[in-house]
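Student:
Protein chains in written order, with my numbering: chain A, 1 to 237; chain B, 1001 to 1237.
Here it is in structure tokens:
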């Protein structure tokens, strides 16, 4: 907890940290499946979609493809999955609606209350690979009370490229150590740390479904919390 | 009012439209003046500071100087004013605090209630030449409930450069006609209109102090309102 007294802004990883992408995508799939009479394992579908996430961004990060925002990457992956899961008869409109399931992800039960509490004392923002429209639509729907939206799209670089972590301190006119990344993923936190940001690890054991242990926190993380209520407690909010 | 049914997002000019820069800067100056025993006409000081605003941005827009955010432009103007108004004995810290008066501007009396009402139905954002830190700090302090912050700083172009007006539709994945600029300045609205955005003119007769008539609205503006309560009424929020 040393050094967290100067913190002015909390920036949040979103997918898995603030919202339950897996449960939400499964529910959206099941709804579509019922409407269209599709026989699909939507848990496997959701996991496969998410597994394509990092590789698809890495192709942009390595310059193998030009900049494309996350809606576009999700859509390209979706086309592959439709093939792979032998889903037929989806109209363009239905595909677009399914792709935008990522705009309609549900928050974890503690997210809105925790953020609302933290907002009284800190600037709170996303720092997500999600595009601006996705993050804005999600926040409106779920009631996530962000002060502003920081997205990889604004710098056209995906995490863990340095440009993403350096953006919030630079644009908020703060020193890196006045900004804390909150994430459920140690690799994201380690990258932020390498650029001087503070770190809070929030474990989200259900991110990939039941029975999967969250990773161990690094001893260097400034805060480890089970949820946003504990995070708010630790941060005096 | 034709065509406003499809609107999804309202983007707001800030200085003069949402906040009373003149009254706020005068109050900040008077406070400093009392503390330091300065004899300064703070109304004239505020007006002079604001008069340097457009020319200072124009130098950036025309490429006469490289990109500098509004805090930096305000600070350069402040150095000139300190000379001109023969203000002596200000420490670096006091100058910085005075410069950041622009982060502490007070909203017009109807702003917070009107925005809160509009937020239920629309995405609401700034579209301001103010830098991100300025707009964020102002919103936190004044309780302006923005969904997100669009700033000239994000595209490194000041209004009325096209890049500024095109940013919100592009990043929100909306057509220009689904986005409405709200501003107290016809020239700002005309520029937005030339890029396909909808327009709402809110008259702020006290922006430059009492006794100055607001400009006449163009007949082409979609909405003309006296304040944000009337705007919310017109927009069905």
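For glycine and all other residues, C-beta sits at the position ideal for the given N, C-alpha and C.
Keep in mind that this is a model prediction, so the values were computed, not measured.
Tell me residue 1199 of chain B's beta-bridge partners as DSSP assigns them.
Tutor: Taking the second chain and counting its residues from 1, one reaches residue 1199 of chain B at position 199. B:1181, per the DSSP bridge assignment.
Student: Got a sec: does the ligand ADP put a non-hydrogen atom nearer than 7 Å to the Cβ of residue 99 of chain A?
Tutor: With respect to small molecules bound, the structure shown includes none, and the ligand ADP cannot be examined in it.
Student: Below 7 Å between beta carbons is the criterion; list the residues of the region 1170 to 1203 of chain B that meet it against any residue of chain A, in chain order.
Tutor: 1171, 1172, 1173
Student: Pull up the distance between the alpha-carbon of residue 1138 of chain B and that of residue 1107 of chain B, whole angstroms please.
Tutor: Numbered from its first residue, the second chain carries residue 1138 of chain B at position 138. Numbered from its first residue, the second chain carries residue 1107 of chain B at position 107. Answer to the nearest angstrom: the Cα atoms are 9 Å apart.
Student: Just to confirm my understanding: we take residue 12 of chain A, look at its own chain, exclude 5 residues before and 5 after, and list those with CB closer than 6 Å. What are they?
Tutor: In the first chain, residue 12 of chain A corresponds to position 12, counting from 1. Once the five neighbours on either side are set aside, the close Cβ partners of residue 12 of chain A are 18, 126, 182.
Student: Would you say the region 216 to 235 of chain A touches the region 101 to 119 of chain A, given that touching needs at least three Cβ pairs under 8 Å?
Tutor: yes
Student: Where do the ends of the alpha helix (DSSP H) carrying residue 132 of chain A lie?
Tutor: Here residue 132 of chain A corresponds to residue number 132 of the first chain, with the count starting at 1. 132 to 142 is the extent of the alpha helix (DSSP H) around residue 132 of chain A.
Student: Leaving out the 5 sequence neighbours to the left and right, which residues in its chain are closer than 7 Å to residue 1042 of chain B when beta-carbon positions are compared?
Tutor: Position 42 of the second chain, counted from the start, is the residue given in the question as residue 1042 of chain B. Hits under 7 Å: 1026, 1029, 1030, 1033.
Student: Look at the alpha carbon of residue 1237 of chain B and the alpha carbon of residue 1121 of chain B, and state the distance between them as a whole number of angstroms.
Tutor: In the second chain, the residue the question calls residue 1237 of chain B occupies position 237. In the second chain, the residue the question calls residue 1121 of chain B occupies position 121. Those two C-alpha atoms are separated by around 6 Å.
Student: State yes or no: is the beta carbon of residue 116 of chain A nearer than 8 Å to at least one beta carbon in chain B?
Tutor: Start at 1 with the first residue of the first chain, and residue 116 of chain A comes out as number 116. So, not an interface residue.
Student: Buried or exposed: residue 1054 of chain B, going by 16 or more other Cβ atoms within 10 Å of its Cβ?
Tutor: If you number the second chain from 1, residue 1054 of chain B lands on position 54. That one is exposed.
Student: Just reading off the alpha helix (DSSP H) that residue 17 of chain A is part of, what are its end residues?
Tutor: The sequence position of residue 17 of chain A within the first chain is 17, counting from 1. From DSSP, residue 17 of chain A is part of no alpha helix (DSSP H); its letter is neither H nor E.
Student: Pull out every residue of the region 27 to 53 of chain A whose Cβ sits closer than 9 Å to any Cβ of chain B, in chain order.
Tutor: none
Student: Return the residue from the list A:105, A:133, A:221 that minimises the CA-CA distance to residue 23 of chain A.
Tutor: If you number the first chain from 1, residue 23 of chain A lands on position 23. Closest by alpha carbon: A:105.
Student: Check whether the Cβ atoms of residue 197 of chain A and residue 176 of chain A sit closer than 8 Å, and answer yes or no.
Tutor: The sequence position of residue 197 of chain A within the first chain is 197, counting from 1. The sequence position of residue 176 of chain A within the first chain is 176, counting from 1. Cβ atoms of residue 197 of chain A and residue 176 of chain A: closer than 8 Å.
Student: Check the Cβ-Cβ distances between residue 147 of chain A and every residue of chain B, and say whether any is below 8 Å.
Tutor: One-based indexing of the first chain puts residue 147 of chain A at position 147. Closer than 8 Å to the CB of residue 147 of chain A there is at least one CB belonging to chain B.
Student: Could you check whether residue 57 of chain A and residue 81 of chain A sit closer than 8 Å to each other, using their CB atoms as the reference points?
Tutor: For this step, residue 81 of chain A is matched to residue 81 along the first chain. For this step, residue 57 of chain A is matched to residue 57 along the first chain. Against a cut-off of 8 Å, the Cβ pair of residue 57 of chain A and residue 81 of chain A comes out as no contact.
Student: In the DSSP assignment, what residue or residues form a beta bridge with residue 126 of chain A?
Tutor: As a first step, residue 126 of chain A is located in the first chain; it is residue number 126 there, counting from the start. DSSP output for residue 126 of chain A lists A:12, A:149 as bridge partner(s).
Student: Where does residue 1005 of chain B sit, in a helix, a strand or coil, going by DSSP?
Tutor: Position 5 of the second chain, counted from the start, is the residue given in the question as residue 1005 of chain B. Residue state, collapsed to three classes: helix.
Student: Looking at chain A, is there any beta carbon in it that lies within less than 8 Å of the beta carbon of residue 1123 of chain B?
Tutor: As a working mapping, residue 1123 of chain B is identified with position 123 in the second chain. At least one chain A Cβ lies under 8 Å of residue 1123 of chain B.
Student: Quick check on residue 212 of chain A: buried or exposed, where buried means 16 or more other Cβ atoms within 10 Å of its Cβ?
Tutor: Counted from its first residue, the first chain places residue 212 of chain A at position 212. Classification of residue 212 of chain A: exposed, given that the 10 Å Cβ count is below 16.
Student: Closer than 7 Å between beta carbons: that is the criterion. Which residues of the region 119 to 143 of chain A meet it against chain B?
Tutor: 123, 132, 133, 136, 139, 140
Student: Tell me residue 1225 of chain B's beta-bridge partners as DSSP assigns them.
Tutor: Locating residue 1225 of chain B in the second chain gives position 225, counting from the first residue. Answer is B:1202.
Student: Per the DSSP calculation, residue 107 of chain A is bridged to which residue(s)?
Tutor: Position 107 of the first chain, counted from the first residue, corresponds to residue 107 of chain A. Residue 107 of chain A pairs with A:19.
Student: Can you tell which of B:1087, B:1234, B:1077, B:1118 has the C-alpha that lies nearest to the C-alpha of residue 1036 of chain B?
Tutor: Here residue 1036 of chain B is taken as the residue at index 36 of the second chain, counted from 1. Here the closest residue by C-alpha is B:1087.
Student: Please identify the residue among B:1044, B:1101, B:1192, B:1085 whose C-alpha is closest to the C-alpha of residue 1071 of chain B.
Tutor: As a working mapping, residue 1071 of chain B is identified with position 71 in the second chain. For the residues B:1044, B:1101, B:1192, B:1085, the minimum Cα distance to residue 1071 of chain B belongs to B:1101.
Student: Taking all protein chains shown into account, do 16 or more other C-beta atoms lie within 10 angstroms of the C-beta of residue 1016 of chain B, making it buried, or fewer, making it exposed?
Tutor: The residue given as residue 1016 of chain B occupies position 16 in the second chain. Classification for residue 1016 of chain B: buried.
Student: If we cut at 8 Å on Cβ distances, does residue 1093 of chain B have a partner in chain A?
Tutor: On the second chain, residue 1093 of chain B is found 93 positions in, with the first residue counted as 1. Judged by the 8 Å Cβ criterion, residue 1093 of chain B is not in contact with chain A.
Student: Between the C-alpha atoms of residue 9 of chain A and residue 156 of chain A, what's the straight-line distance to the nearest angstrom?
Tutor: The residue you call residue 9 of chain A lines up with position 9 of the first chain. The residue you call residue 156 of chain A lines up with position 156 of the first chain. The alpha-carbon atoms of residue 9 of chain A and residue 156 of chain A are separated by roughly 22 Å.
Student: Label residue 1207 of chain B either buried or exposed according to how many other C-beta atoms from any shown protein chain fall within 10 Å of its C-beta, with 16 as the threshold for buried.
Tutor: Residue mapping note: residue 1207 of chain B aligns to position 207 of the second chain, counting from 1. Result: buried.
Student: Are the CB atoms of residue 1014 of chain B and residue 1158 of chain B within a distance shorter than 8 Å?
Tutor: The residue given as residue 1158 of chain B occupies position 158 in the second chain. The residue given as residue 1014 of chain B occupies position 14 in the second chain. Not in contact: residue 1158 of chain B and residue 1014 of chain B (Cβ atoms no closer than 8 Å).
Student: Over the uninterrupted alpha helix (DSSP H) stretch that includes residue 1072 of chain B, give me the two end residues.
Tutor: Counted from its first residue, the second chain places residue 1072 of chain B at position 72. It spans 1070 to 1084 - the alpha helix (DSSP H) in which residue 1072 of chain B sits, taken as one unbroken run.
Student: Assuming residue 1199 of chain B and residue 1221 of chain B form a contact by the criterion Cβ under 8 Å, report the distance between their Cβ atoms to the nearest whole angstrom.
Tutor: Within the second chain, numbered from 1, the residue matching residue 1199 of chain B stands at position 199. Within the second chain, numbered from 1, the residue matching residue 1221 of chain B stands at position 221. The pair is a contact, with the Cβ atoms about 5 Å apart (cut-off 8 Å).
Student: Against residue 153 of chain A, what residues of chain B qualify as contacts under a CB-to-CB distance less than 9 Å, listed in chain order?
Tutor: In the first chain, residue 153 of chain A corresponds to position 153, counting from 1. Residues of chain B passing the Cβ test: 1171.
Student: Just confirm the distance between the C-beta atoms of residue 1191 of chain B and residue 1165 of chain B, as a whole number of angstroms; I'd bet it's less than 8 Å.
Tutor: The count along the second chain starts at 1 and reaches residue 1191 of chain B at position 191. The count along the second chain starts at 1 and reaches residue 1165 of chain B at position 165. That pair is a contact at about 6 Å.
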